[in-house]
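First to last, the protein sequences are chains A and B.
First residue of the first sequence? That's 9 in my numbering, and the numbers climb one at a time after it.
First residue of the second sequence? That's 9 in my numbering, and the numbers climb one at a time after it.
We put the CB at the ideal spot given by N, CA and C, even for glycine.
If you're wondering where the values come from, they're calculated on a predicted model, not measured in any experiment.
Step one of this worksheet: look at the structure below.
Number of protein chains: 2
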Amino acid sequence: MAKRILRINMTELKAAYEPVPEKWARWAGRGLTTSIVCDEIDPMCHPLGPNNKVVIAPGWVSGSPAAPSSGRTSFGAKSPLTGGIKESNAGGLSSQMIAKLGLAAIIVEGTPAKGSWYTLVVSKDGVKFESASDLMGKGMYEVDELLWKKYPKTAVIGIGQAGEMKLSNAGISVNDPENKPGRYAGRGGLGAVMAVRGVKAMVIVDEGGPGVEIANQDLFKQGRKKLTESIQEHGLTKKGGGLNAFGTAVLVNILNEAGGLPTRNFSAGQFEAAAKISGEAIAEVCEKRGGEGTMGHGCHPGCIIKCSNIYPDASGEAIVSCIEYETTWAMGANCGIEDLEFIAKMTRECNDIGLDTIEAGNTVAIAMEGGLLEFGDAEGAFKTFDEIRKGTPLGRILGQGVEATAKAFGVSRVPTVKGQSMPAYEPRAVKGIGVTYATTPMGADHTAGYTIAPEIAGVSGKLDPLSDEGKAELSLTFQAATAFIDSTGYCLFIAFPILDIAKGWEGMAESVAGVTGLNITGADVVPIGKEILKMERLFNEKAGFTAEDDRPPEFMREESLPPHNVKWTITDEQLDSVFGWVHEGQPA
Amino acid sequence: MAKRILRINMTELKAAYEPVPEKWARWAGRGLTTSIVCDEIDPMCHPLGPNNKVVIAPGWVSGSPAAPSSGRTSFGAKSPLTGGIKESNAGGLSSQMIAKLGLAAIIVEGTPAKGSWYTLVVSKDGVKFESASDLMGKGMYEVDELLWKKYPKTAVIGIGQAGEMKLSNAGISVNDPENKPGRYAGRGGLGAVMAVRGVKAMVIVDEGGPGVEIANQDLFKQGRKKLTESIQEHGLTKKGGGLNAFGTAVLVNILNEAGGLPTRNFSAGQFEAAAKISGEAIAEVCEKRGGEGTMGHGCHPGCIIKCSNIYPDASGEAIVSCIEYETTWAMGANCGIEDLEFIAKMTRECNDIGLDTIEAGNTVAIAMEGGLLEFGDAEGAFKTFDEIRKGTPLGRILGQGVEATAKAFGVSRVPTVKGQSMPAYEPRAVKGIGVTYATTPMGADHTAGYTIAPEIAGVSGKLDPLSDEGKAELSLTFQAATAFIDSTGYCLFIAFPILDIAKGWEGMAESVAGVTGLNITGADVVPIGKEILKMERLFNEKAGFTAEDDRPPEFMREESLPPHNVKWTITDEQLDSVFGWVHEGQPA
């Protein structure tokens with residue numbers, strides 16, 4: 009059975025299946041959410057107005073048998089945080105289940121009567137619109153639990169209190185195999201867009217779904233095998249390798265060593281207590297308190313990398329899954345906080361209330377710079393989350409993220425691009441990632457073009473992170489490859505092995521070609537990624553974005569960052585060269 | 009003695025006189041502040057960062073003997089509210105005194121040590137940097153009073169608590185002849201830019217200044233006479249005419265009648281209690297309670313229009329000077345409030361705290377739409393100002409104006425352009441003013457191109473306000489003439505007589521030519537105005553503004569406005585035609 013689009017109209021409380029139109033037939037994941045956003049959403053609409061939509065799509069290989077680490081769901085909309093296009097993808101249970109229902113995408117549009125909230129139960133029989141009145145005001149831990157009582161073993165997509173309040177830092181949660189929230193389409197405020205649709209939660213029941221058709225079983229199996237092997241061979245992704253043993257936070261010590269770990273609201277590149285919040289420290293606590301399975305946890309079925317963790321308290325009880333690199337940095341180094349227990353508890357607050365942890369940690373740091381708290385005040389930082397949960401005026405400031413908080417407290421050192429705050433890599437010390445932050449259509453985002461691979465991790469060669477040279481081209485190539493990977497359903501971490509091991513790259517492409525029947529080879533990855541980027545850039549242009557939106561903040565050009573004492577030196581011309589080709593006839 | 013520039017460096021706490029460079033020699037008022045902002049401020053700088061400046065300039069004729077109603081001071085900077093260029097001008101005492109000191113402009117730049125605040129005493133002897141520690145945390149009523157104890161009869165420019173907190177709706181106050189605050193360069197948050205410079209107040213001591221040189225006395229006198237006569241003849245501006253008898257609020261009933269009085273956050277064009285907040289009602293109270301001089305008050309020496317009032321309480325004591333049309337609308341109809349006493353008290357709060365009343369009233373209306381208060385809750389509205397004064401989190405939301413408040417409370421019906429909220433004319437019911445709101449470089453601003461003159465008041469002909477036809481050209485002509493008038497130092501209300509009475513238009517130009525020796529005639533007014541507009545548009549382009557920033561909000565295209573049941577129908581092409589000429593070789 010051919011894949012279909014499920015369109016859910018919240019104004020009329022009706023849902024309908026549509027065939028996938030020709031123009032979208034090639035696409036899945038980010039390529040599809042971007043295509044639908046560009047075709048159906050007015051770039052000039054108010055992000056919280058009636059004309060925005062939430063588009064949800066699994067990747068090309070999502071739901072295919074034993075495609076390794078392929079549980080990413082893509083969410084797309086116009087972002088309340090950036091005002092531009094936003095694709096944010098998450099792990100957890102939803103991708104494979106939506107795919108198994110035979111759905112290419114779910115489009116949620118319209119707005120119900122004011123004050124009406126729904127749980128949408130999506131199954132092979134269509135959509136049930138259940139009142140969500142029992143879930144309102146509740147955090148995602150409770151929402152997930154309540155919904156599994158009624159719909160066990162389903163995927164639950166939902167928003168916490170931040171989403172209900174339509175705050176710009178509200179993310180969309182997806183539950184993990186243990187039915188905990190924390191797999192977030194976190195960035196860009198998409199939870200607020202879902203709230204305007206009156207949707208508190210969606211339950212995906214895959215039982216009896218038609219499953220995913222494989223166009224060419226042999227090619228799929230061949231690709232899957234090559235990709236799997238490359239993941240199992242690479243030092244970062246293999247069993248017991250860096251990500252599996254220490255989680256993504258393995259990067260803390262590495263970035264600190266490189267002088268690129270943003271500290272105390274991007275005022276230094278090294279944090280004196282980095283070791284205390286590192287992946288090694290997390291692994292030690294997990295081993296001591298939590299035992300087996302608390303490191304090397306997988307966020308979705310079929311993951312063979314397993315970089316997640318379940319961080320335990322002193323009694324061995326789980327506090328949260330998981331403390332990522334970005335999280336331990338955002339709540340830790342960037343706030344001058346060195347207590348992992350507080351970092352875990354703050355992360356749990358974010359996962360429950362429905363906040364992106366990167367933006368949330370950066371926001372606390374800005375509030376510290378603005379004088380609301382002292383840097384290092386872990387207890388004070390923890391309490392701010394309760395303000396957001398309760399929707400106090402302070403909470404409504406902080407829940408909107410960095411720029412809103414900076415304005416409220418008169419701070420001009422604001423580490424954002426396009427209204428979105430920077431992740432855990434200092435652009436002055438790692439220039440390529442700064443190019444990505446500046447130019448990606450998504451607003452400052454490391455996952456959009458992760459040049460850290462060659463600049464820091466030595467993947468696909470080793471480049472000098474402090475050098476400006478070639479960083480524009482580098483960022484573009486990574487942005488394009490990422491846009492492709494974000495369309496596959498595979499986790500972005502396959503990038504490490506496939507960049508270093510040729511059969512991995514081929515295997516990824518072959519597995520996509522095998523599932524879809526599309527004529528895609530490894531050589532098509534970057535060009536197809538560029539097609540997606542072009543759509544996204546053009547959306548942003550129609551929303552009023554210009555070259556001036558592709559700039560890092562002023563203070564990074566003016567202030568030298570210790571320990572290297574470097575400023576942002578990449579020229580505007582270099583930045584503009586990244587997407588110069590968009591207005592030429594063809595992608596370069 | 010030739011006019012000079014006074015440059016005050018707050019980093020080094022030094023001031024220096026500079027000759028007026030050739031490139032700025034032609035300019036005064038808005039033309040000069042715009043020129044300096046464009047030449048000296050990086051359009052991409054953070055508005056609250058170290059590289060923004062405050063530029064202050066009297067007009068061409070300011071300080072010239074008996075130039076009628078010529079007390080406007082122009083303030084320029086990059087706006088924290090819009091992110092674009094901002095010129096905001098005020099009445100009060102400062103314009104004439106700065107001019108009499110022989111200053112073409114004052115440039116305040118740099119930032120002092122954190123936590124240092126100054127009162128700058130500007131006299132013929134230069135600048136004294138006095139500590140402002142005695143003034144900090146104080147409202148402008150007290151600041152003006154304290155400074156006059158030390159420096160009686162001087163002009164006082166200052167910021168209230170909103171400015172100290174660097175809030176985006178902080179204005180700059182100028183005292184009136186009674187030494188009350190309330191003559192505001194209100195729009196665009198320039199008070200926050202002054203705060204970043206560490207300047208709480210400026211005292212202008214004109215004693216012993218060289219005065220204003222008149223290049224051609226005969227021509228000046230001839231022009232002044234023609235202009236004065238035209239003001240004294242025109243129905244709106246003559247003694248006992250509309251503005252003198254009822255103040256600017258004479259417009260309330262007129263706009264209400266026309267269905268163009270925005271009501272309850274721009275959801276209707278008529279307010280059922282309009283008469284209660286009208287100029288007629290204000291005049292009645294003044295007559296009953298206040299007696300002579302409480303209507304027909306002049307905001308600066310030499311004003312012959314005298315549209316101001318001093319609104320009294322039941323005991324005859326002044327509450328505030330003055331309740332403008334914009335104020336009685338913003339705090340009244342737009343919030344569903346019909347109690348003039350509360351409107352007067354809220355206006356006083358704004359003048360004391362240092363807030364633009366248009367933005368402040370719109371903000372209360374947005375908070376009402378967002379559920380913080382009920383429409384019509386005068387007491388609740390009044391209390392919100394105390395939150396701002398105290399800098400509570402709620403105050404820090406509201407003190408930033410409409411867009412910040414809309415985001416905090418999830419409101420998508422947001423009547424702003426370029427981040428600045430709309431004044432008291434509904435663009436759906438008065439199309440030409442909507443074109444001005446959309447396209448002026450200043451963000452939604454009625455004074456930038458007051459097409460109300462022909463569309464509502466029947467000045468310079470009578471046009472159908474509901475018609476789209478010719479409104480782009482109309483707005484451009486008004487915007488250009490306004491940019492010229494804003495450079496003269498004359499009050500914009502001279503526009504009524506000079507548009508209707510030919511000798512007035514000539515007289516304005518001749519008086520400018522007489523003072524300056526420039527070869528300016530009536531035919532040059534619009535072309536010179538266009539030169540100013542072009543500079544401003546180019547600044548905004550360099551700050552990242554595009555055609556998409558020249559759009560009214562989405563909801564005005566979608567919702568019909570009663571009673572005419574009209575939507576915004578002017579096309580984007582019509583809007584883009586207003587400034588299409590900027591990128592042609594010459595102004596059209």
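In this structure, the alpha-carbon of residue 557(A) lies about 11 Å from that of residue 92(A). The three-state reading of DSSP puts residue 305(B) in strand, counting E and B together. For the segment 542–559 of chain B, the set of residues with a beta-carbon nearer than 9 Å to any beta-carbon of chain A comprises 549, 550, 551, 552, 553, 554, 555, 556, 557, 559, in chain order.
C-alpha of residue 281(A) to C-alpha of residue 262(A): approximately 13 Å in a straight line. Residue environment: residue 221(B) is assigned as exposed (fewer than 16 neighbouring CB atoms within 10 Å of its CB, all protein chains considered). DSSP, reduced to helix, strand and coil, places residue 127(A) within a strand of the structure shown. Sequence-distant partners of residue 107(B) (beyond 5 residues in either direction) whose C-beta falls short of 7 Å from its own C-beta, in its chain, are 66, 70, 71, 220.
Residue contact check for residue 157(A) against chain B: no CB pair falls below 8 Å. DSSP, reduced to helix, strand and coil, places residue 29(B) outside both helices and strands of the structure shown, so it counts as coil.
Spatial neighbours of residue 457(B) in its own chain (CB-CB distance under 7 Å, excluding positions within 5 residues in sequence) are listed in chain order as 444, 448, 483, 486, 487, 490.
Per the Cβ contact rule, the segment 423–438 of chain B is in contact with the segment 329–348 of chain B (3 or more Cβ pairs under 8 Å).
Between residue 247(B) and residue 348(B) a beta carbon distance of about 25 Å is seen, past the 8 Å cut, so the two are scored as non-contacting.
Closest in alpha carbon position to residue 564(A), among 385(A), 381(A), 442(A), is 442(A). Taking a C-beta cut-off of 7 Å against chain B, the contacting residues of the segment 172–189 of chain A are 173, 174, 176, listed in chain order.
Closest option to residue 329(A), judged by alpha-carbon separation, among 241(A), 315(A), 138(A), 543(A): 315(A).
Taken in chain order, the unbroken stretches of beta strand (DSSP E) that lie wholly in the segment 323–351 of chain B and span 3 residues or more are 326–328.
For residue 75(A), the closest alpha carbon among the candidates 313(A), 451(A), 34(A), 476(A) is that of 313(A). Three or more beta-carbon pairs separated by less than 8 Å are not found between the segment 517–524 of chain B and the segment 251–260 of chain B, which leaves the two stretches without contact.
Along the segment 287–321 of chain B, none of the residues has a CB nearer than 9 Å to a CB of chain A. Under a criterion of Cβ atoms nearer than 7 Å, the residues of chain A adjacent to residue 402(B) are, in order, 401. Under the three-pair Cβ rule at 8 Å, the segment 539–556 of chain B does not count as touching the segment 393–407 of chain B.
CA-to-CA, the gap between residue 368(A) and residue 342(A) works out to about 11 Å. Neighbourhood of residue 53(A) in chain B, by CB distance below 8 Å: 562, in chain order. Annotation: Cβ neighbours of residue 420(B) in chain A (cutoff 7 Å, chain order): 54, 56, 57. Taken atom to atom, the span from the alpha-carbon of residue 117(A) to that of residue 174(B) is near 39 Å.
Residue 293(A): member of the alpha helix (DSSP H) spanning 287–293, first to last residue.
Under the three-state reduction of DSSP output, residue 159(A) falls in the coil class, being neither helix nor strand.
Per DSSP, residue 515(B) has no beta-bridge partner at all. By the beta-carbon neighbour count (other beta carbons within 10 angstroms, threshold 16), residue 179(B) is buried. Counting only runs of 3+ residues, no beta strand (DSSP E) is found wholly inside the segment 408–485 of chain A. Residue contact with chain B for residue 405(A): present (Cβ-Cβ distance below 8 Å to some residue of chain B). Cβ proximity to chain B below 8 Å picks out 408, 412, 415, 416, 417, 418, 419 from the segment 408–419 of chain A. Spatial neighbours of residue 191(B) in its own chain (CB-CB distance under 6 Å, excluding positions within 5 residues in sequence) are listed in chain order as 98, 99, 100, 182, 184, 307. Around the Cβ of residue 121(A), a 10 Å sphere holds fewer than 16 other Cβ atoms; the residue is exposed.
About 6 Å separates the beta carbon of residue 410(A) from that of residue 422(A), a gap short enough to meet the 8 Å contact definition.
By the neighbour-count definition (other C-beta atoms within 10 Å, threshold 16), residue 145(A) is an exposed residue.
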